[in-house]
Structures are given as C-alpha cells and as structure tokens.
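Data block below; observations after.
Numbering (the working numbering), first residue to last: 787 to 956.
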C-alpha cells in the first residue's frame, strides 16, 4: 500500500465522521421539530391558506433544484484540475497531496448547499406550523446528505490522476 493510499484511508475515516455528524444534525432538526409540534406548539405566523399551500407545492422544485445544483458543483469541483494545486497559504503546511484538502473543501460546499433543504423545513414549520411538509424536507435533506457522502472511489481517481500529473511534471 502506497503512502498516498494510506493517507487517503486515514483522511476518509475523518471525513466520514464529520459527514455522519452533519447527517445526525439534520435528524436532530426533525426530532426537535416533532417535539415542538407535540409539546410546545408555535402559533403560525402565516395564516393565509393559499400562501401556505403554494409554499408546500414550491418545496418540490426547490428541493430538486438544490439537488441538481449540488450535483453540478460536486462534478465541476472534482473534474477541475485546480483540485491538484496547492494554495499559497497552505504551502507551509504538512507535506500531503493538495487534492485531499481540496476534496474535503469541495464536500463541505456541497454539504452546506444540501443543508439548506433541512433549514427550509425548519423555517417552513416555524412559519406555518405544519409538520408533514417540514419533516418531508428534513428527510429529503438527510437522504441527499447521505447520497453525497465521501467516496473512496473519487479519492482513488484523484490519487491516480495526481500521480500521473506528478510523473509528467518530473
């Protein structure tokens, strides 16, 4: 096993723990909302039935657009050659391939975009007092967060590309 592949496996473990923590935060959002709904109901600030209905229907294209945007960003970031460039401010840091840190940064951007789905569920609950659509949004956020986790295959592809670039550069 090469040094880079050992480093990848070690970093992947760390990334998976962070990812699991973020997924559990979304699950906790749903639990807290359900608890509030049962034991401390919040009076809705929106009472217009037509507006609430429109917001609920608008949540479907909202979720789909967020998922498509996250997918496009993830693919663009991982396909870009800039993922192999070590930034000026990190050149003094540890001697590890720059694609690992850039991969982690890319994932954080995608996860932040997907987290917006769950946050929209919280906001919808607090403004309308309706539980079902809010929990559906949070569940969708959890599902898409799980689907966009760190992948060993991606890191292995990046590693192979990095090694081929390093060999060509020598």
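Beta carbons are placed, not taken as given, at the ideal position from N, Cα and C, and that holds for glycine.
Minimum Cα-Cα distance from residue 945 among the listed residues 905, 911, 934 and 887 corresponds to 887. Between residue 812 and residue 928 the beta-carbon gap is near 5 angstroms, inside 8 angstroms, which marks them as a contact.
Scanning the segment 849-914 for uninterrupted alpha helix (DSSP H) segments of 4 residues or longer gives 884-914, listed from N- to C-terminal end. Here the C-alpha atom of residue 926 lies approximately 8 angstroms from the C-alpha atom of residue 849. By the beta-carbon neighbour count (other beta carbons within 10 angstroms, threshold 16), residue 826 is exposed.
Counting only residues of its own chain and dropping the five nearest sequence neighbours on each side, residue 919 has a CB closer than 7 angstroms to the CB of 842, 845 and 910. Excluding five sequence positions before and after residue 912, the CB atoms of its chain that fall closer than 8 angstroms to its own CB belong to 828 and 831, given in chain order.
Residue 826: not part of any alpha helix (DSSP H); DSSP gives it neither H nor E. Taking 8 angstroms as the cut-off, the beta carbon of residue 900 is found no closer than this to the beta carbon of residue 815. The C-alpha of residue 890 is placed about 7 angstroms away from the C-alpha of residue 801. With respect to the 8 angstroms criterion, residue 917 and residue 823 are classified as neighbours on the basis of their beta carbons. At the C-beta level, residue 940 and residue 837 stay beyond 8 angstroms of one another. Relative to the Cα of residue 797, the nearest Cα in the group 951, 948 and 885 belongs to 885.
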